[in-house]
Amino acid sequence: MKPAPFNYLRAATVDEVLQKLQEWGEEAKVLAGGQSLMPLLNMRLAQPRYIIDVNGLAEMTGMNWCPETQTLTVGALTRHRELLQHPLIETHAPLLREAAHFIGHLAIRSRGTLGGSIAHADPAAELPLVVIALGGTLVIQSLTGEHSIPIEEFFLGYYMTILKPDELITAVKIPGLANNTGYAITEFARRHGDFALASAAAVVTVDERGTIIKARCAVGGVAPQAIRCPAVDVSLSGARSPGDFAQAARQLENMIEPPDDVQASGEYRRYLAVELMSQAIGVAYARAVATKEARA
Amino acid sequence: MTVEFEVNGHMVTIDVPEHWLLADVLRNQMDFTGVHLACEYGVCGACTVLMDGEPVRSCLTLAVQAAGRRITTVEGLASEGQLNVVQQAFIEHHALQCGFCTPGFVVTASYLVNQNREMTREQIREALSGNLCRCTGYQKIVDAVEEALRRHQATDPTAEDN
Ligand SMILES: Cc1cc2nc3c(=O)[nH]c(=O)nc-3n(C[C@H](O)[C@H](O)[C@H](O)COP(=O)(O)OP(=O)(O)OC[C@H]3O[C@@H](n4cnc5c(N)ncnc54)[C@H](O)[C@@H]3O)c2cc1C
Ligand code: FES
Ligand code: FES
């Protein structure tokens, strides 16, 4: 199908976007990469009166690393393809690169953006999942000012977030990896590029003896939103063997209640989530130990 | 809204309703009917064109978003009657049957060739995963793209294996 008619504005500055969002409110939609919004417009599941195209906004592109705060700030308009190629991502947030590799296909990654993926809030999307595991924060602007919130406070459920109609995500801040820290994302999809049936991400830190002292885990596709797994994190404290990892991952069994749907039964998704989590922890652990040994 | 952009090497100026898709404008206003439309939600890849050299879904792009950009459709790949290396390889490897999916595959594969990278068969399959074909079973398409990449590397002195 084709989109219903709307008025199109090619915004030139973030300020202009914020003013229009304030003025038009719920009647306006921000257009970033369009890889989720355009299908909704084509199917007429969304019929906004105004489309505000933010693609030209230099203020929302690019990234920079701040050595004092050890934080990587990534513009909301950063394309999935840039996540695969940018040297700052490679150095400071390689988990974002690994996540982007799983997203859709070449032509989707040319256009889709980090901010768009987060704002769209698909429970199976990879980027929200890894930003949660990395402990990232979102920079949100409106005419009344700018504020930052931890990403895990952003999602409210299937395609729902706390973002107000007059607000815009302008950047995502990712803390650099601490010493002796490893990371991983694992997922299962029936075909490459499909949304995952389940996915898991882990970021773990080991001490000098190779024992886990800190972990941040998250799962996707098995709840109305990507979620942190504090019970897994806690039970990983002191872990160092695949048996320990599997046991910690089993904490998920009581945490999630995925529904049956056309793609898979809830029970199967739960089984996948536990297995994928165990694998993600294993890979993250091996990388943490490897960076420790490289430093020694 | 009046927009100006380049299509297959020619500048065009066109007045289009703001909600029209690039795919429809290329097909219906400009007669580039090689831009095929099937799913209209980004899944099948038949509508893939190059925008400033990068593959994009023309069904997920507004025509007004092409302003100032360089668009290449399957019609723009041959030069002076000479098929490009991908098109030639598709013929030789029988990489099409009904042909509906072909423009999307050829455009995507031409991007891969322009990238000048050596790719394994597995990497080629991944890169083509966004294009669906209901006829061929894909093997011959992958054969053709493998061959096109090989020939391009053999003839292009700037090709590097990274
Ligand atoms: C065939 C296909 C396969 C895909 N496969 C995957 C996959 O495997 N994994 C995956 O994660 N994704 C997948 N996607 C989705 C893709 O990653 C999208 O790019 C992403 O979900 C949305 O990003 P976008 O920039 O395209 O946003 P848009 O489509 O432009 O916008 C999406 C929503 O976010 C809002 N928005 C966008 N930017 C901002 C901002 N800065 N501030 C506030 N609101 C904003 C828009 O108003 C809209 O409501 C796929 C898409 C397609 C078409
Ligand atoms: S018609 Fe555009 S991807 Fe199917
Ligand atoms: S040749 Fe018929 S769909 Fe591919």
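Top line first, the protein sequences correspond to chains P and V. Counting with UniProt numbering, you get residues 1 to 296 for the letters of the first sequence. Counting with UniProt numbering, you get residues 1 to 162 for the letters of the second sequence. We put the beta carbon where it would ideally sit given N, CA and C, even for glycine.
Shell residues, 6 Å Cβ cut-off relative to heavy atoms of ligand 2: V:Leu-37, V:Ala-38, V:Cys-39, V:Glu-40, V:Gly-42, V:Val-43, V:Cys-44, V:Gly-45, V:Ala-46, V:Cys-47, V:Arg-57 and V:Cys-59
8 Å Cβ cutoff, Arg-69 of chain V in contact with chain P: no
Where Phe-100 of chain V sits in the DSSP three-state scheme: coil
CB contact below 8 Å: Arg-18 of chain V versus chain P: First, the amino acid is wrong: residue 18 of chain V is Glu here, not Arg. Yes, because at least one Cβ of chain P sits closer than 8 Å to the Cβ of Glu-18 of chain V.
DSSP beta-bridge partners of Ala-201 of chain P: P:Ile-185 and P:Ala-218
Short CB-CB distance (under 8 Å) between Leu-106 of chain P and chain V: yes
Beta-carbon neighbours of Phe-6 of chain P, restricted to chain V and to distances below 7 Å: Glu-18 and His-19
Thr-137 of chain P CB to nearest heavy atom of ligand 1 below 7 Å: no
Per-residue contacts from Asp-53 of chain P into chain V (C-beta, under 9 Å): Leu-62, Val-64 and Gln-65
Bounding residues of the alpha helix (DSSP H) (the contiguous stretch that carries residue 298 of chain P): Absent from the model: residue 298 of chain P. The displayed extent of chain P is 1 to 296, so no value can be given.
Check: Leu-128 of chain V C-beta below 7 Å from any heavy atom of ligand 3: no
Asp-143 of chain V (DSSP reduced to helix, strand or coil): helix
Beta strand (DSSP E) runs wholly inside the segment 132 to 188 of chain P, at least 3 long, in chain order: 137 to 142, 145 to 150, 155 to 157, 168 to 175 and 181 to 188
Residues that Met-43 of chain P contacts on chain V, provided the C-beta gap is smaller than 7 Å: Tyr-41
Expected contact under 8 Å - CB spacing of Ala-201 of chain P and Gly-115 of chain P to nearest Å: About 19 Å; that fails the 8 Å criterion.
Cβ neighbours of Thr-291 of chain P in the same chain (closer than 8 Å, five flanking residues each side left out): Asn-179, Asn-180, Thr-181 and Gly-182
Phe-5 of chain V to Leu-57 of chain P span [Cα, whole Å]: 19 Å
Chain P contact residues for Thr-2 of chain V, given Cβ-Cβ distances below 9 Å: Under the 9 Å cutoff, chain P gives no residues; its nearest Cβ is about 12 Å from Thr-2 of chain V.
Whether Arg-269 of chain P touches Pro-258 of chain P by CB criterion (8 Å): yes
Simplified DSSP state of Asn-55 of chain P, which is helix, strand or coil: coil
Contact under 8 Å by Cβ, Gly-157 of chain P with Ala-196 of chain P: no
Beta-carbon proximity list for Arg-109 of chain P, same chain, < 8 Å, skipping 5 on both sides: Arg-79, His-80, Arg-81, Leu-84, Ala-100 and Ile-103
Backbone secondary structure at Asn-64 of chain P - three-state DSSP: strand
Partners in chain P for Pro-55 of chain V, counting only beta-carbon separations shorter than 8 Å: Leu-106, Ala-107 and Ser-110
With 16 other Cβ atoms within 10 Å as the buried cut-off, status of Ala-284 of chain P: buried
Cβ pair Asn-84 of chain V, Thr-108 of chain V closer than 8 Å: no
Among V:Thr-48, V:Arg-121 and V:Ile-91, the one whose alpha carbon lies nearest that of Arg-27 of chain V: V:Thr-48
Glu-18 of chain V, DSSP secondary structure in three states: coil
Assigned secondary structure, Ser-79 of chain V (DSSP; H/G/I helix, E/B strand, else coil): strand
Arg-191 of chain P: contacting residues in chain V (beta-carbon distance under 8 Å): Ser-129
Residues sharing a beta bridge with Ile-212 of chain P, DSSP: P:Val-206
Contacting positions in the segment 102 to 131 of chain V - beta carbon closer than 7 Å to chain P: Thr-108, Glu-126, Ala-127, Ser-129 and Gly-130
With 16 other Cβ atoms within 10 Å as the buried cut-off, status of Met-43 of chain P: exposed
Selection of the segment 86 to 101 of chain V by Cβ proximity to chain P, strictly under 7 Å: none
Three-state secondary structure assigned by DSSP to Asp-161 of chain V: Because the pLDDT of Asp-161 of chain V is 46, which lies under 50, any placement of that residue in the model is unreliable, and the number read from its coordinates should be weighed accordingly. Residue state, collapsed to three classes: coil.
is_contact[Ala-148 of chain V, chain P] using C-beta, thresh 8 Å: no
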